[in-house]
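Reading through the structure tokens given below for one structure.
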Amino acid sequence: MSATDYTQPVVVAGGQNLALNNDTVTVSGDGLAGLASFDAGSLFAVNNVTVSTNGEGTPGVLALDGGYVSFLGGSISTAGINGADAVLALGSGSRIDARATSFATIGDMSYGASAMDGATVTLDNVGVSTSGAGGVGLFSDGANGRSSLTASNSSINTSGLHGAGLLATKGGSLSFNDGRIVTAGTGAHGAIADGTGTTLFLSNNSLHTSGEQAYGVEVSNGAIFNSAGNSIVTDGVNSYGVVAFQNVNVNLSGGSINTNGQGSIGLAGYQGAAVNVANLSVQTTGEDGATGVGAYGVDAEAGGRITLGDHTSVTTTGTSAVGLFALDSGSQVMTNGAVQINTEGGHAHGALAQNGGVLALGQGAGIETAGANAEGLFALNSGSQIRTNGSVGVSTTGASAHGVLAQDGGVILLGEGAAVGTTGSSAMGLFAMDSGSQITTSGKVQVSTTGDSAYGALAQGGGILALEQGTTIATSGNSASGVVALNNGSQVNATGVAVTTSGVQADGVALGNATVNLTDSIVTGQRYGVLLSWDGSTPVTNTLNVSGGTITSVTGDAIHVAAGDNNIVNVSESAVISAGNGTLLNVVAPGAAVSLFASGNVALDGDIAAVKGGVANVSLAQASTLNGAMHNASTVSLDGSSRWNVTASSDVKQLDLAGTIAFAAPSPTYKSLVVHGDLVGNGGTIVMNTVLNDGGPLSNQLTDRVLVEGNASGTTYLSVMGNGSGASTDTNNNGVREANEGISLAQVAGTSSATAFVLAGGYVAVGPWRYDLVSYQPGSSDTSQRVVAGAGNGYWDYRLQNAVVPNPTPTPDPTPDPDPTPTPTPSPDPSGNGGGVPVRPVVVPQVPAYLSASTAMLSYGMRSVGSLHDRLGELHQGEPLEAGNSDEFYARTFGGNYQYHTDRSFGEYGYDFNQNDRAIQIGGTWLKTGDDASTFRLGAYVSTGTSHITPKAVDGTSDMRMSANSVAATGTYMMGNGFYVDGVVARNYYSTRVDTAYRGYDMAKMKTHGWTYSLESGYPFVFGNDLRVEPQAQVVYQSLRTNSFHDADGLLVSPENAGAWQGRVGANLTKTFVTASGQRWTPWVRANYLWSSSTRSNVGVSSDEWGVSSTLAGGSWGQAWQVGAGVTGTLTSAISVYGSGDYQGRVGSAGEQGWSANLGMRWQF
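Okay, structure coming up:
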């Protein structure tokens, strides 16, 4: 069939079918159509036909009111305006299918293909071009019924102004797959979806616009846009890749968006639009490779919400470009998964939240910027917020390219796993600027900077940094401080944070009219640990609160005060501060002032110094410690639990001391502490190193020293440590302590008192020898000994000198306690002899107790073993031995009060003492045999008791309390005529506590053990009226072994082993009476003489600290006479009671005198 050229519209209607093949249709005129199918059931089959129309509103192919056109091959072109579409399907049920064909329109507002009012258009392998203004490639409109337009493997080119490749409106549906869209012209968008119910779906397409303000895709007014694998490119100024308005829903999966041009935005969501993205690449670049300005990657404004999913990347290039941008309240950009943001250009921002916008970056997000003044994260204005959660990385490169910036009230929250890194000068890691701005870190957040003056974290102009547990800050660069707070009350709160700086002049923490609170944080500054005040101004207040943690400087001061008249540093909770250069606190500018308060087991290591005109106040409280010197410190105070270890000579203006100041050991020089003002002693202690030589001239005094140029009040204790031989300070040997003798430990130029300085413990023990602190008041001091500022002898001098004591005879004070700080008075005889009173060096108060111990133990041991009559009562009462009574039990209690007198002279350190014994003894006989001719007993006993010994010593009061325990075996043989032999072997244990008035309880504890062996015999002579006289003799040997021990003064005490033979001879006079009831009562009197071999024992007393040792001897046990009386009665044939009392008197120069009593009971069974 030959081709036909039609010049009039070809129409099929009324359900008819028509086919055209290889024909040509050319129609001219308005309101017509080239081909038309009217009515439902009408079918127009077109194959390889060329259609051309020319007329306003004249489409090439029309399907109307349910008509259907199938168009294969051929071409369709129109030259009219206003609806001269290439194909138009209009009305419900109308349908056009086209394949392997081309559409072209050249008139304004003429579209390539349109589906309207419920119609359907399906295109495959179709090429569409439009060139008129407002021309659209494909159009789906659902105003009067849902229309559908689907195109596959097709291409669209538009070149008119404000045209569009695709347009879906008013509920229409448009799907474009595996095709290509190109638009050219201002405002010529690649695709538009507008209106509620409208849907636009693009899959695997290439979309390219090149006109100014020509968007890749625009979605508005409730429309829905779904994209998969599309490549969207815009090349015009202010040409967005994808822009969504007014509560639309956009879903982008895969593909890419590229924009080129100033102000071009890759992806935008406005006015409540919801945009969800995954596996998408967004890139904004400049025209022809030139830099664009203000080209945003992702932009949410006016309540828009954009979510970027896994494997999404955003790259921007251009000045002031933004990777992610959330503007206005309700606007939000979120990331989930691996989302990478890169910007390149000056003043560009990786992520910007402004005017209330919110950015939420999730696990896997990464932000990198390259360019000067380009921030990684930037929250601007009140209500704006950026949050990170999980592993989020922020990296910037460029001068002043801050990693994280909150400004004008913006808030940024960095969660666990965030990492911030900057490279460039003045590129801060974290930067909170202006009042209301705040950056908070939570969990393990890493911040690092590389570059000069690139601070790790900066709060400025009222900004706040809240750095929580696990945050680390590391800087590398000159002047790159770790944490900085500047101006207008800016504040940094850091808990559990680690700060490290490694550049020259890089400080750990710097403040300028601001506050920094560090809790359990670790700060290491390459130069200073802390710098006050950073801004250099004087009228300024800085507050640094450190609770726990550490602050350390590597090369400079731990705390460097360069300015500020009200710098306050509070350190607490076991915090540790140390200095690499040895200076803990350094005030370097006149007018600068700092107050350091350390409380709660704080450890401070390093010196404290202030220039002339600078102020450094220091307070140590609650067990805090300072190791270092002070130079020109101002007011210094220590409470009772705190300590200052002085490592070099120091000076302070005022000192309030309740704690301890301890001079370090000389290395090799000794040190001084100068108080330019007043010293208030509140019971504090100064520990001093002193060589105990003979002193005298200042050149011969090797000691630390306290020099008070003002007044001294209260009491300060001096504790002397060191070494020396304990040489006599009485250099002229006159027995008088003088103002130029001894060693000067403290001097006061102003008002003071004798008790302003006293020795801790009352004295210094050098071996057994005692040294006192002697105060010399103004006028009695020696001018040549003056070290404190001033001239002449009008000063107080506190000198360590030998303690000497005069012979107390003829009337000794029973409890002498010499004043540890006596004011010296002239001696009646400077020579110390002739008409003067003899004197000797004083020993420490516990030594008299040590020298009395063995004698007192021997006395107690003698009374504990006693005699047979003391143990069992009178055995000569003639009572019969009842059958079966072979065993017996006995118990007795005994005690006495005695006064011992020594045979050692005053110069030989002889001491009398009082001794009070109290004891109980329990024993028994397990074997008792006998007949009328004799009785034999074998038994044992245990005894326990106490003895209280009080030496009478002018050297000082001491008190010895002894606990004694013994276990013994006994054997007694008694003949019928009264002759008896009694033996005892006892093992003795003594535990002794020595107390002194100066040291209190437990000055020393002694452990002693030994043996007692006793053999006694007697024979009664019976006279008329049953009166008996019984001569008796007893010999006793005792041995004592005392373990060496150290006492509270650090003295090593080594008593020698002691052993003594003691004897007793005497006689008893007794008579037995029998009562009417058959009871037997035997009263008696006795007299004894007691003696001892030499029992003098030596006691070695040495001091490792001083290198001094001496051996002193105690007194002999001596001799005594004894008289007593007692009675024994048998209450029954099995039970006897007995008691006695004795008085003992001393014989000769040594021995005890006093009263004793014994009360017992014996039961035979």
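Numbering-wise, the sequence shown is residues 1 to 1165 according to full-length UniProt numbering.
For each residue, glycine too, the CB sits at the ideal point set by N, CA and C.
**Study point:** Integer-rounded CB distance, given that LEU308 should sit under 8 Å from VAL339
**Key:** Yes, they are in contact, since the Cβ atoms of VAL339 and LEU308 sit about 5 Å apart, within 8 Å.
Point to revise | Rounded C-alpha distance that separates LEU707 from ALA616 | key: Distance from the CA of LEU707 to the CA of ALA616, rounded to the nearest whole angstrom, comes to 20 Å.
Exercise for review: Use the C-beta contact count for GLU908: other C-beta atoms within 10 angstroms, 16 or more gives buried, fewer gives exposed.
Suggested key: It is exposed - the Cβ of GLU908 has fewer than 16 other Cβ atoms within 10 Å.
Check your understanding: Taking three-plus beta-carbon pairs below 8 Å as touching, is the segment 891-906 in contact with the segment 1054-1069?
Key -> They do not touch, by the three-pair rule.
Practice item. With DSSP collapsed to three states, give me the class of HIS189. Key: Residue state, collapsed to three classes: strand.
Exercise for review: Indicate whether ARG799 and GLY724 have their beta-carbon atoms separated by less than 8 Å.
Suggested key: At a Cβ-Cβ threshold of 8 Å, ARG799 and GLY724 do not count as neighbours.
Check your understanding: What's the gap between the Cα of VAL942 and the Cα of MET721?
Key -> One C-alpha to the other measures close to 47 Å.
Review point. Can you name, in chain order, every residue of its own chain whose Cβ lies under 6 Å from the Cβ of GLY794, other than the five neighbours on each side?
Key: Cβ neighbours of GLY794 beyond the five flanking positions: PRO778.
Practice item. Check whether the Cβ atoms of THR397 and GLY403 sit closer than 8 Å, and answer yes or no. Key: Against a cut-off of 8 Å, the Cβ pair of GLY403 and THR397 comes out as no contact.
Exercise for review: State the beta-bridge partners of ARG937 as determined by DSSP.
Suggested key: Answer is LYS928 and THR972, bridged to ARG937.
Exercise for review: Determine which residues share a DSSP beta bridge with TYR898 and list them.
Suggested key: For TYR898, the beta-bridge partners assigned by DSSP are GLN915 and GLY1154.
Check your understanding: With distances taken from CA atoms, which of LEU1052, SER781 and TYR771 is nearest ALA749?
Key -> Ranking the options by Cα distance to ALA749, first place goes to SER781.
**Study point:** Stretch-stretch touch, CB-based, cutoff 8 Å, three pairs: the segment 1049-1057 with the segment 1067-1084
**Key:** Proximity of the segment 1049-1057 to the segment 1067-1084 falls short of the contact definition, fewer than three beta-carbon pairs being nearer than 8 Å.
Check your understanding: In terms of DSSP beta bridges, what is GLN460 paired with?
Key -> According to DSSP, which records beta bridges pairwise, GLN460 is partnered with MET433 and LEU486.
Check your understanding: Nearest to THR500 by alpha carbon, out of VAL554, VAL843 and GLY548?
Key -> In this structure, VAL554 is the residue among VAL554, VAL843 and GLY548 with its C-alpha nearest to the C-alpha of THR500.
**Study point:** Extent of the continuous alpha helix (DSSP H) to which SER859 belongs
**Key:** In the DSSP assignment, SER859 falls within the unbroken alpha helix (DSSP H) covering 847-865.
Review point. How would you label PHE663, buried or exposed, when you count the other beta carbons within 10 angstroms and need 16 or more for buried?
Key: Under this definition PHE663 is a buried residue.
Practice item. Just tell me which of TRP1091, SER713, ILE439 and ALA193 has its CA closest to the CA of GLN246. Key: Here the closest residue by C-alpha is ALA193.
Practice item. In angstroms with no decimal places, state the Cα-to-Cα distance between LEU773 and GLN915. Key: One alpha carbon belongs to LEU773, the other to GLN915, and they sit about 33 Å apart.
Check your understanding: Which residues in the same chain have their Cβ closer than 6 Å to the Cβ of GLN363, if we skip the five residues on either side of it in sequence?
Key -> Once the five neighbours on either side are set aside, the close Cβ partners of GLN363 are GLY390 and SER391.
Exercise for review: Would you mind giving the Cβ-Cβ distance between THR317 and ALA278, rounded to the nearest angstrom? I have them listed as a contact below 8 Å.
Suggested key: Not really, about 24 Å apart at Cβ, beyond 8 Å.
Exercise for review: Classify GLN921 as helix, strand or coil using the three-state DSSP reduction.
Suggested key: Looking at GLN921 - three-state DSSP - the assignment turns out to be strand.
Review point. Which runs of the beta strand (DSSP E) fall wholly inside the segment 578-627 and span at least 3 residues, in chain order?
Key: With a minimum length of 3 residues, the continuous beta strand (DSSP E) runs that stay inside the segment 578-627 are 593-599, 603-610, 615-621 and 625-627.
Check your understanding: So the beta strand (DSSP E) ARG786 belongs to, where does it begin and stop?
Key -> Run containing ARG786: none; DSSP gives neither H nor E here.
Practice item. Use the C-beta contact count for PRO810: other C-beta atoms within 10 angstroms, 16 or more gives buried, fewer gives exposed. Key: Confidence is the limiting factor: at PRO810 the pLDDT is only 48, short of 50, which leaves the residue's position unreliable, though a coordinate-based value still follows. In this structure PRO810 is exposed. Its beta-carbon is surrounded by fewer than 16 other beta-carbon atoms within 10 angstroms.
Exercise for review: From the DSSP output, in three-state form, read off ARG871 for me.
Suggested key: DSSP places ARG871 in helix when its eight states are reduced to three.
**Study point:** Endpoints, the beta strand (DSSP E) within which GLU344 is located
**Key:** Its beta strand (DSSP E) spans residues 339-344.
Check your understanding: Using a Cβ-Cβ cut-off of 7 Å (strictly less than) and excluding sequence neighbours within five positions of SER784, which residues of its own chain qualify?
Key -> Taken in chain order, the residues that qualify are ASN740.
Practice item. Determine the closest residue to ASP117 out of ALA100, ALA89, ILE106 and VAL128, with distance taken between C-alpha atoms. Key: For ASP117, the closest C-alpha among the options ALA100, ALA89, ILE106 and VAL128 is that of ALA89.
**Study point:** DSSP three-state assignment for GLY762, whether helix, strand or coil
**Key:** Per DSSP, reduced to three states, the secondary structure at GLY762 is helical.
**Study point:** Nearest neighbour of VAL51, chosen from GLY761, GLY861 and THR24 [CA to CA]
**Key:** For VAL51, the closest of GLY761, GLY861 and THR24 by C-alpha to C-alpha distance is THR24.
Review point. What is the DSSP secondary structure of ASN355, reduced to helix, strand or coil?
Key: The three-state secondary structure of ASN355, taken from DSSP, is coil.
Exercise for review: Report the rounded CA-to-CA distance for ARG770 versus ASN1043, giving the unit in angstroms.
Suggested key: Their backbone Cα atoms lie some 24 Å apart in a straight line.
Check your understanding: Per DSSP, what kind of secondary structure is LEU702 in: helix, strand or coil?
Key -> Under the three-state reduction of DSSP output, LEU702 falls in the coil class, being neither helix nor strand.
Review point. Nearest to TRP1163 by alpha carbon, out of ARG871, SER595 and GLY1141?
Key: TRP1163 has its Cα closest to that of ARG871, out of ARG871, SER595 and GLY1141.
Exercise for review: Measure how close the beta-carbons of GLN460 and MET433 come, nearest whole angstrom, since I'm counting them as under 8 Å.
Suggested key: That pair is a contact at about 5 Å.
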